[in-house]
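Position 305 (the sequence shown) corresponds to 305 in UniProt numbering; numbering is contiguous.
For glycine and all other residues, C-beta sits at the position ideal for the given N, C-alpha and C.
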Amino acid sequence: PTRAMGRPTGGASASKKPKAKSKPKQRGGVDFKKYKHKVGRKLPPPKNATNTEIKSKMIVLPEQTMASERAGMAVNKRGLTLRELLQQTVHYNPKVRRAAMNGIKDLVTKHPAELKLHKVAMIEKLQERICDSDKVDNAMSTRSTLSLLMANVLNGMTHLSMDIQLMAFRFLELVVLNFPSSFPRYAEQAFNNFVAVLSNDRIHLQDKSKLNSILAGLAHCLSLVARVTENDDASNRLVQNRPMGELWKPTLDEDNPGSGAFATSDVLMKLQNLIRILVNSIEVSASEICAKPANDAQSSEALLSALHCLHLICTTFIHEAKKSQMEFGRSKTQFGSDWLNSSVLVYLKKLWGVKCLFH
1 PTRAMGRPTG GASASKKPKA KSKPKQRGGV DFKKYKHKVG RKLPPPKNAT
51 NTEIKSKMIV LPEQTMASER AGMAVNKRGL TLRELLQQTV HYNPKVRRAA
101 MNGIKDLVTK HPAELKLHKV AMIEKLQERI CDSDKVDNAM STRSTLSLLM
151 ANVLNGMTHL SMDIQLMAFR FLELVVLNFP SSFPRYAEQA FNNFVAVLSN
201 DRIHLQDKSK LNSILAGLAH CLSLVARVTE NDDASNRLVQ NRPMGELWKP
251 TLDEDNPGSG AFATSDVLMK LQNLIRILVN SIEVSASEIC AKPANDAQSS
301 EALLSALHCL HLICTTFIHE AKKSQMEFGR SKTQFGSDWL NSSVLVYLKK
351 LWGVKCLFH
């Protein structure tokens, strides 16, 4: 039979869609197994979880305590070493910095060898505190730095090398000019070193410029003593009205940077020794001036410097002789007019020979 063009064949069965093929079942294990948990049930830990529980036991070793570690080390009264104290000097709290400064002072006092071993590190740390905003800390740092400086200056004054001695006396002159209130603590030692170096014949026989440099430093120290002694005259008139307990206060209050009192008796004895040495220096310089036909500028300067130092010493002695006879428990004849005649004028009479020499 002939088929009509464009007419579908097959009837109703021809209009049905073909069924989708079913996926074959996957063989082997699954990647992730899905668990169905009930609400409120604690989840089990994953299989690849790392156990972070740490179990430890305490081991006690008595020999490894802080006390045994610091055995033989220099510590202050709080048990701190110099390294710890220096670290605390840069603490943000001013009270901690202040306590560290006091601790360094205490440690150096108990263990002077630490000052020589670690003086560079101490100076580097202490000089940072000079510009400290805390006024108390600043003053303590200045005194501590000066203490370190003066320890080296006094040590250099007794050195065998004349050049090192000369440099030490120049440093002393700088300290007296810039920090005059600190000089009373070291006055006795300083004048004792002046006596020692001026008693050496080398200083007079060598270059006069070295002698003039030492005499210039001595003049600065003596002018400070003379000024303090002169200023004390007015205040000493009130001594009789002060309680007896205040008369025996220390000559220098370390916590008061403005204190300028001297241990008078000891200093006067050193100055008495300087009179004899200065008179001898004047005689030597005068002889050299008269022996040379031309004007010797160095010898002339040495003579004038020695005369100036003698003038300052005599000024100090006169003020001391005018003080009350029983001042600070001093005996009536210790530094009175009889003492001036027996210990001072006997040396000054030699200056008449110098005057006749120039004539």
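Unbroken alpha helix (DSSP H) run spanning residue i, endpoints
i           : result
Pro94       : 94 to 110
Tyr186      : First-last for Tyr186: undefined, no H or E at that position.
Arg129      : Looking at the DSSP string, Arg129 is not in any alpha helix (DSSP H), and its letter there is neither H nor E.
residue 367 : Here the chain comprises residues numbered 1 to 359, so residue 367 is not present and cannot be evaluated.
Val346      : 345 to 348
Own chain residues within Cβ distance below 6 Å of residue i, not counting five before or after
i      : result
Met244 : Since pLDDT at Met244 reaches only 39, below the 50 mark, its modelled position is unreliable, and the value read off the structure follows with that caveat. Here the set comprises nothing.
Val279 : Tyr347, Lys350
Met150 : Tyr186
Ser342 : none
Val316 : With the sequence shown as reference, residue 316 is identified as Thr, and Val is not the correct amino acid for it. Only Val225, Ala226, Thr229 meet the Cβ criterion.
Residue i (DSSP reduced to helix, strand or coil)
i           : result
Val39       : coil
Val120      : helix
Ser56       : coil
Thr50       : coil
Leu160      : coil
His220      : helix
Phe191      : helix
His91       : coil
Ala294      : coil
Lys210      : helix
residue 360 : Residue 360 lies beyond the stretch modelled for the chain, which goes from 1 to 359, so this question has no answer here.
Sheet register partners of residue i (DSSP bridge)
i     : result
Thr81 : Val75
Cβ-Cβ distance between residue i and residue j below 9 Å
i      : j      : result
Met157 : Leu146 : no
Ser56  : Met101 : no
Ser213 : Phe169 : yes
Leu154 : Ala121 : no
Val344 : Cys314 : yes
Leu166 : Ser281 : no
Leu107 : Leu148 : no
Gly217 : Glu283 : no
Val176 : Asn273 : no
Lys119 : Asn152 : yes
Ser285 : Ser300 : yes
Asp163 : Gln298 : no
Residues of its chain near residue i, where Cβ-Cβ distance is below 8 Å and the 5 sequence neighbours each way are ignored
i      : result
His111 : Ala74
Val267 : Ala187, Glu188, Phe191, Val225
Ala219 : Ser305, His308, Cys309, Leu312
Sequence-distant residues of the same chain with beta carbon closer than 7 Å to residue i, five excluded per side
i      : result
Leu211 : Ile203, His204, Ala302
Leu80  : Gly103
Glu230 : His319
Lys34  : none
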